[in-house]
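Take a look at the structure set out below.
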Amino acid sequence: MTNTERKILEGPTGATLLDLPSPYQAHPCGLLHLPRFLAKIRKHLAEGLPQSYRRNFTKGFDGFLCLHLGVNPDEVIQCVKDSKDDKELDAKLCKLFPEDLKAAIWNRKVVQMGTADMAKEKLQEVKKNLSAEGREDLISFADVIDFDERKIP
């Protein structure tokens, strides 16, 4: 199977997956990034997660989401592994996650990550690595992810 068939593009940061959900996509429970994390877990379990994604797998947004929910990333991975379909997965996640997801608090973090003074320097570094240092519209890490994965032209 070719990279094109696998929806992988080789870019300046390594392999770029073109079929992952945007970090801005919400799960039916209301949490941004969760569909993306679940999709990365599925690729990981199928041994299809490129090295460029493995270095931050369960860290970065994935890790921050799990920290927000008070769960271990390995528990979420196990839920995905043990579920035969999305309905079963959602039921397992509902049992694992706290009753109050505090979705609004988490979602605000997702859309603002990279806008605080301490993170702006890292955001600029990432934009430079993507030859996008002049892109003033890329104001958060979620924006940069979407740009890298060709969801933002």
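The working numbering numbers the first residue of the sequence shown as 7 and each following residue consecutively. Ideal Cβ positions, reconstructed from N, Cα and C, are used throughout, including at glycine.
Same chain, Cβ closer than 7 Å to residue i, neighbours up to 5 away in sequence not counted
{"i": "Pro79", "result": "Thr64, Asp68, Gly69, Cys72"}
{"i": "Ser89", "result": "Leu95, Lys98"}
{"i": "Ile83", "result": "Ile47"}
Rounded separation between residue i and residue j - CA only
{"i": "Tyr1", "j": "Ala21", "result": "Residue 1 is absent from the structure shown; the chain starts at 7 and stops at 159."}
{"i": "Leu37", "j": "Ser137", "result": "30 Å"}
{"i": "Cys85", "j": "Gly66", "result": "20 Å"}
{"i": "Arg141", "j": "Gly120", "result": "14 Å"}
{"i": "Lys128", "j": "Asp152", "result": "17 Å"}
{"i": "Pro18", "j": "Asp154", "result": "9 Å"}
{"i": "Trp112", "j": "Ala122", "result": "16 Å"}
{"i": "Ala125", "j": "Lys115", "result": "12 Å"}
{"i": "Pro159", "j": "Leu15", "result": "15 Å"}
{"i": "Glu81", "j": "Asn135", "result": "33 Å"}
{"i": "Gln195", "j": "Gly54", "result": "Lying outside 7 to 159, the shown extent of the chain, residue 195 is not represented and no answer is given."}
Residue i at chain D interface by Cβ criterion, 8 Å
{"i": "Ala110", "result": "Protein chain content of the structure displayed is limited to a single chain, and chain D is not contained in it."}
Classification of residue i by the beta-carbon crowding that lies within 10 angstroms, buried from 16 upward
{"i": "Asp106", "result": "exposed"}
{"i": "Glu139", "result": "exposed"}
{"i": "Asp188", "result": "Since the first and last residues shown for the chain are 7 and 159, residue 188 lies out of range."}
{"i": "Asp91", "result": "exposed"}
{"i": "Lys49", "result": "buried"}
{"i": "Arg42", "result": "buried"}
Close-in-space but distant-in-sequence residues of the same chain around residue i (CB under 8 Å, 5 per side omitted)
{"i": "Val117", "result": "Tyr30, Leu38, Ser146, Ala148"}
{"i": "Lys93", "result": "none"}
{"i": "Cys100", "result": "Cys35"}
{"i": "Asn62", "result": "Asp68"}
Beta-carbon separation (whole angstroms), residue i vs residue j, contact threshold 8 Å
{"i": "Ala45", "j": "Pro27", "result": "6 Å"}
{"i": "Leu51", "j": "Lys13", "result": "So it is not a contact: roughly 17 Å between Cβ atoms."}
{"i": "Val77", "j": "Leu102", "result": "6 Å"}
{"i": "Leu24", "j": "Arg156", "result": "6 Å"}
Contacts around residue i, its chain only, beta-carbon distance under 6 Å, and the 5 residues preceding and following it disregarded
{"i": "Pro56", "result": "Ala21"}
{"i": "Leu75", "result": "Phe103"}
{"i": "Val132", "result": "Val150"}
{"i": "Ala109", "result": "Gly36, Leu37"}
{"i": "Ala32", "result": "Leu38"}
- Query: Could you give the uninterrupted runs of the beta strand (DSSP E) lying entirely in the region 16 to 94, keeping only those of 3 residues or more?
  - Reply: 20 to 23
- Could you tell me which uninterrupted beta strand (DSSP E) segments, each at least 3 residues in length, are contained entirely in the region 108 to 141, listed from first to last along the chain? none
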